[in-house]
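Numbered according to full-length UniProt numbering, the sequence shown spans residues 1 to 256.
Report on one structure; see the data block that follows.
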Amino acid sequence: MAGEWDGVEEAIEDPEEIRVIFCAQYAKNAHLQCTHIRRQAFYALPQAHWQMLAAPPFNYLKTLDRVDDAIESNAELARTIVKLGLHSFGMVDSNAEAVMPEEWAGIAKLNDLDKARSTLRQFYRDWSAEGRVERDACYGPVFKALEAEKERKLPVAVNTGTTQIQPDVQTQAASPLRVLIPGAGLGRLVFDLCRLGYDTEGNEISYHQLLASSYILNSIQYPRHTPATNTRGHDCGGGQDRQDGDVRGGLLVSIR
């Protein structure tokens, strides 16, 4: 299947699509909400207090610096998704640099920004090695059910009394189970089922998820995402910035 977007539209006409692509440029908002306000509150403390928190073992300012770096890393991922979206919808020439149209500035709503943030976090859950435990809990029962269904459909030998007719293994191999996944999200379940040999189709209604899944499945080898915008529960020793990805992408899978 083609690696480019396989949509119906040749250009973007739906305002919802425009907002979705624009809201991926979230870095300025994230910096303001995540670290700028916290730095202001930090320096509003009595000097003796903020100096204590800035020193080991707390190193609070260094933690904020790492969060800033992680936000910028996520912003680079978001910008890449934006560029892919602009090319996919025919907004720019395939050989031209994708630049956000000026008329799109300021049209993304807070709800759009929240969805963009949620989509970035989902990269970590669906495509990182650390997310494997959650994926196993969610997708493991699906794999087992499909394996049981495949076993149930296996042809069996028929004993006619004088001869035993063996099943046609080649016919079975040529007809894999067909699986439809509604709400396919970032396409990890689609990807894994394709690798297991199932004839799989994923459906998704969210433009946020469609743009992101098109990128992760068709455009890269290893995803990069940092869980930066959730500052609760971060360990102070680092870990906000890491290279994620337990499989190679670039499978050329399409989610419709």
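The beta-carbon is built from N, C-alpha and C at its ideal position, and this holds for glycine as well.
For clarity, every value in this text was computed on a predicted model and none was experimentally measured.
- Taking residue 125 as the centre and dropping the five residues before and after it, the same chain places the C-beta of 131, 134 and 135 closer than 8 Å to its C-beta, in chain order.
- Judged by DSSP in its simplified three-state form, residue 74 adopts helix.
- Just so you know, the alpha carbons of residue 85 and residue 64 end up roughly 31 Å apart.
- Contact annotation: the segment 36-53 does not touch the segment 175-190, with fewer than three C-beta pairs closer than 8 Å.
- Annotation for residue 208: 20, 115, 116 and 119 place their beta carbon closer than 7 Å to its own, counting only its chain and skipping 5 residues before and after.
- Residue 153 and residue 143 have their C-alpha atoms spaced approximately 15 Å apart.
- If you check the CB distance, residue 213 and residue 184 come in under 8 Å.
- Residue 204 carries a coil assignment under DSSP once its states are collapsed to helix, strand and coil.
- Residues 180 of the same chain have their beta carbon placed closer than 6 Å to that of residue 201, with the five preceding and five following residues left out of the count.
- Spanning the alpha carbons of residue 199 and residue 151 requires a straight line of approximately 16 Å.
- Shown here, residue 196 sits in coil according to DSSP, grouped into three states, outside any helix or strand.
- According to the DSSP assignment, residue 120 belongs to the alpha helix (DSSP H) that extends over 110-127.
- Rounded to whole angstroms, the gap between the alpha carbons of residue 108 and residue 49 is 39 Å.
- In this structure, DSSP gives residue 67 a helical state, which the three-state scheme calls helix.
- DSSP links residue 84 through a beta bridge to no other residue.
- DSSP, reduced to helix, strand and coil, places residue 45 outside both helices and strands of the structure shown, so it counts as coil.
- Residue pairing by DSSP places residue 181 opposite 202 in a beta bridge.
- The beta carbon of residue 186 is closer than 8 Å to those of 119, 122, 123, 126, 127, 209, 212, 213 and 216 in its chain, skipping five residues each way along the sequence.
- For residue 144, the enclosing alpha helix (DSSP H) has its first and last residue at 132-152.
- Excluding sequence positions up to five before and after residue 189, its CB lies within less than 6 Å of the CB of 139 and 181, all in the same chain and listed in chain order.
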